[in-house]
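Numbering (the working numbering), first residue to last: 164 to 366.
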């Protein structure tokens with residue numbers, strides 16, 4: 164953890180009061196601020212910290228791996244943290260915690276809500292892009308099946324993969340905000356949609 168002085172804002176607890184963050188997420192965000200590089204002369208590293216394993220990342224808080232991973236992912240989704248392509252994690256809003264920048268925005272909660280909204284929008288676009296990519300890959304792996312109820316008709320059924328296969332895809336495509344459970348959810352959603360469309364077409 165870095166040593167030095169950072170600004171603190173009295174209204175930051177509004178993030179808890181208004182339920183923008185849970186207690187654990189708030190603690191983790193404050194922890195991330197103290198992990199980040201605070202020297203603005205370090206171009207490309209300022210306001211970021213290396214992507215560590217959940218075990219190493221949670222060590223400073225005495226947290227278990229699953230608790231660390233859960234809150235890290237949650238802050239990514241909420242836009243308070245952002246994964247970069249250089250295996251560093253950006254702490255959103257970190258610049259306002261530098262003493263010389265503190266008076267640019269006296270109230271930190273409204274500022275964080277604004278900047279994290281932009282990151283959440285980027286995250287949503289990334290998920291949509293990943294979903295489109297997965298859909299394209301899976302379309303080539305579809306097969307025709309015959310399902311019988313009162314008659315017989317053909318539908319396109321997506322082949323769901325094992326958890327190990329999903330993990331391999333995440334590593335292969337270097338997804339940062341999407342994990343194996345997200346990919347499985349996408350697969351199941353696409354399968355349900357195709358089945359619904361097939362049923363509608365036969366009516």
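Here a beta-carbon is modelled for each residue, glycine too, at the ideal position from N, C-alpha and C.
Here the structure is a predicted model, which is why all the values come from computation and not from measurement.
Beta-carbon proximity check, residue i vs residue j, cutoff 8 Å
i	j	result
residue 174	residue 213	no
residue 200	residue 211	yes
residue 178	residue 184	yes
residue 208	residue 221	no
residue 196	residue 257	yes
residue 224	residue 194	yes
Supposed contact pair residue j and residue i - C-beta distance, whole angstroms, cut 8 Å
i	j	result
residue 243	residue 255	5 Å
residue 283	residue 245	Contact flag wrong, Cβ pair sits at about 10 Å.
residue 253	residue 259	14 Å between Cβ atoms; not a contact.
Sequence-distant residues of its chain with Cβ nearer than 6 Å to residue i (five each side left out)
i	result
residue 330	343
residue 232	217
residue 275	256
residue 372	Given that the chain is displayed from residue 164 to residue 366, the structure contains no residue 372 and the question cannot be resolved.
residue 306	With a pLDDT of 38 at residue 306, under the threshold of 50, the predicted position of this residue should be treated as unreliable, though the coordinate-derived value follows. Nothing meets the Cβ criterion.
residue 288	none
residue 264	258
residue 172	271
residue 182	none
residue 351	none
residue 314	The predicted position of residue 314 is uncertain, since its pLDDT is 36 and thus under 50; no value can be drawn from it.
Other residues of its chain near residue i: CB distance less than 7 Å, five sequence neighbours each side excluded
i	result
residue 228	217, 218 and 221
residue 180	none
residue 278	255 and 256
residue 332	346
Same chain, Cβ closer than 8 Å to residue i, neighbours up to 5 away in sequence not counted
i	result
residue 167	201
residue 267	259
residue 280	242
* To do: Could you tell me which uninterrupted beta strand (DSSP E) segments, each at least 3 residues in length, are contained entirely in the stretch 188-225, listed from first to last along the chain?
  => 211-213
* Whole alpha helix (DSSP H) elements within the stretch 240-289, 4-residue minimum -> none
* **Segment contact flag, the stretch 214-223 with the stretch 180-189, C-beta cutoff 8 Å, min 3 pairs** => no
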